[in-house]
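J.: Take the sequence shown: its letters are residues 1 to 323, numbered as in our numbering. All C-beta atoms in this analysis are idealised placements derived from N, C-alpha and C, irrespective of residue type, glycine included.
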Amino acid sequence: MTPARRHFFSRRGFCLCCLGSATFAATGGWLTPSQVFAEARNLVDLIRSEAAKAPIKMHKLRSNVSVLEGSGGNIAVLTGSDGKLLIDAGITASRPRIVEALASLSSDPIKHLINTHWHFDHADGNEWLHGEGATILAHENTRKHLTIAQRVEDWKFDFPPSPFGAIPSDVFAADRIVKVNGSTVALKYYGPAHTDGDISVAFTDADILHTGDTYWNGIYPFIDYSTGGSIDGSIHAADANLAATTDRTIIIPGHGRPVSNRSELNDFRDMLVAIRDNVATLKKRGRSLDETIAAKPTAAYDAKWGQFLINPAFFTRLVYEGV
Ligand SMILES: [Zn+2]
């Protein structure tokens, strides 16, 4: 666990990932669905309040591309004379530390922002970044979700419509090529995956792929059924990410250790497929959600993947919903 990760979700003097681990230990890793709901209810507030004090950690990759870790989803930055391009906006409360980190890279102004999808931990900072001068580009479904009030059922949270400045002014449906700072940035819609608006962002010259939340490195992912996500769509997107990369590609996941590779991505894909099959088998036999959670269909993977925000019972529930 990196120092940044250790503090990432802490609040009221304790740390959510440690709390998760403690809960995991105390219950053998298994919560009832109502306990899962109770834990999930305040995830949004927890993430927001933590971002208010979390440090921003910078990882320089190659060809003027860097990653900022510590404000919601991992933020990629491409610097250059056309102005900085950011992939995802993080949490608004991180603004001073993001400004500081960006200034340490170069004096280029912030001119371009691309959202990988609509979730608040990737788009909360849209408004201030737009105020700094960034134009915002995203998939058309991302704009749709940001424009209206949006409930995420599995977080039991209602998001209000975003302010005008936070709404992407440019959208696309299938793919888009952006030429900026002498680099080619290729955007591609996954189809419904983690939400119904996820896109991949490929820095083609640098051979770096930002997957948004279709890939969580070393931790169980969230899947947002409220806005079109599903386990099968998530697996389809993982396959697309494998097809789009080689052993040389640097892969930036939406969450988890921010500098990843195809081997780790392959482990993620295999984990999704195995757990999907386990849960589908139990559900086909007529097991209820509670019975399926009690059968521990994720057990072989929990030590590695279940130590963070989405714990084994929560992830089982997300998979059960879609099989
Ligand atoms: Zn997300």
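(1) For residue 151, which residues in the same chain have their Cβ closer than 8 Å to its Cβ, ignoring the five residues on either side in sequence?
(2) Please tell me whether residue 238 has its Cβ less than 9 Å away from any Cβ of chain E.
(3) Buried or exposed, going by whether 16 or more other CB atoms sit within 10 Å of the CB of residue 238?
(4) Any contact between the stretch 44-56 and the stretch 191-201? By contact I mean 3 or more CB pairs, one from each, below 8 Å.
(5) What does the Cβ neighbour count give for residue 247, buried or exposed, with the cut at 16 atoms within 10 Å?
(6) Taking the alpha helix (DSSP H) that residue 189 falls in, what are its first and last residues?
(7) According to DSSP, residue 76 sits in a beta bridge with which residue or residues?
(8) Consult DSSP for residue 53 and reduce its assignment to one of helix, strand or coil.
(9) Is the Cβ-Cβ distance between residue 126 and residue 186 less than 9 Å?
(10) For the alpha helix (DSSP H) that residue 275 lies in, which residues bound it at each end?
(11) Should residue 157 be listed as close to ligand 1, given that the test is whether its C-beta is under 8 Å from any heavy atom?
(12) What is the C-beta distance between residue 97 and residue 128, in whole angstroms, given that I count them as a contact (C-beta under 8 Å)?
(13) Distance check for residue 189 and residue 243, CA to CA, integer angstroms please.
(14) Just to confirm the assignment, what range does the alpha helix (DSSP H) spanning residue 135 have?
(15) Could you tell me the boundaries of the alpha helix (DSSP H) in which residue 202 lies?
(16) Could you tell me the alpha carbon to alpha carbon distance between residue 9 and residue 281, rounded to whole angstroms?
(17) Alpha carbon to alpha carbon, how far is residue 137 from residue 178? Give it in angstroms, no decimals.
(18) What number of angstroms, rounded off, separates the C-alpha of residue 146 from the C-alpha of residue 86?
(19) Does DSSP put residue 179 in a helix, a strand or coil?
(20) For residue 157, which three-state DSSP category applies?
(21) Kindly provide the chain-ordered list of residues whose Cβ lies closer than 5 Å to any non-hydrogen atom of ligand 1.
(22) Give me the Cα-Cα distance between residue 176 and residue 240, rounded to the nearest whole angstrom.
(23) Could you compute how far the alpha carbon of residue 202 sits from the alpha carbon of residue 286?
(24) Could you please give the first and the last residue of the uninterrupted beta strand (DSSP E) stretch that includes residue 170?
(25) Between which two residues does the beta strand (DSSP E) containing residue 151 stretch?
(26) Is residue 210 helix, strand or coil when you go by DSSP?
(27) Using 10 angstroms around the beta-carbon of residue 69, count the other beta-carbons present and answer buried if the total reaches 16, otherwise exposed.
(28) If I measure Cβ to Cβ from residue 233 and keep anything under 6 Å in the same chain, skipping five residues before and after, which residues do I get?
(29) At the level of alpha carbons, what is the spacing between residue 61 and residue 80?
(30) From residue 279 to residue 162, what distance separates their C-alpha atoms?
(31) Tell me whether the beta-carbon of residue 181 lies closer than 9 Å to the beta-carbon of residue 82.
(32) Rounded C-beta distance between residue 209 and residue 235? I'm assuming under 8 Å.
(33) From residue 296 to residue 46, what distance separates their C-alpha atoms?
(34) What does the Cβ neighbour count give for residue 169, buried or exposed, with the cut at 16 atoms within 10 Å?
T.: Reading it off the structure:
(1) 157, 158, 159, 226
(2) Here there is only one protein chain, and chain E is not present.
(3) buried
(4) no
(5) exposed
(6) Taken as a continuous stretch (DSSP letters only), residue 189 belongs to no alpha helix (DSSP H), being part of the beta strand (DSSP E) at 183-189.
(7) 67, 87
(8) coil
(9) no
(10) 262-284
(11) no
(12) Wrong, their Cβ atoms sit about 13 Å apart, outside the cutoff.
(13) 14 Å
(14) Where residue 135 is concerned, there is no enclosing alpha helix (DSSP H), although the beta strand (DSSP E) it sits in stretches over 135-139.
(15) Not the alpha helix (DSSP H): residue 202 falls in the beta strand (DSSP E), residues 199-203.
(16) Only weak support is given to the placement of residue 9: the predicted model assigns it a pLDDT of 39, under 50, and the value that follows is read from those uncertain coordinates. So the alpha carbons of these two residues sit roughly 34 Å apart.
(17) 10 Å
(18) 18 Å
(19) strand
(20) strand
(21) 119, 213
(22) 17 Å
(23) 42 Å
(24) 170-172
(25) 150-152
(26) strand
(27) buried
(28) 192, 193
(29) 15 Å
(30) 36 Å
(31) yes
(32) About 17 Å; that fails the 8 Å criterion.
(33) 27 Å
(34) exposed
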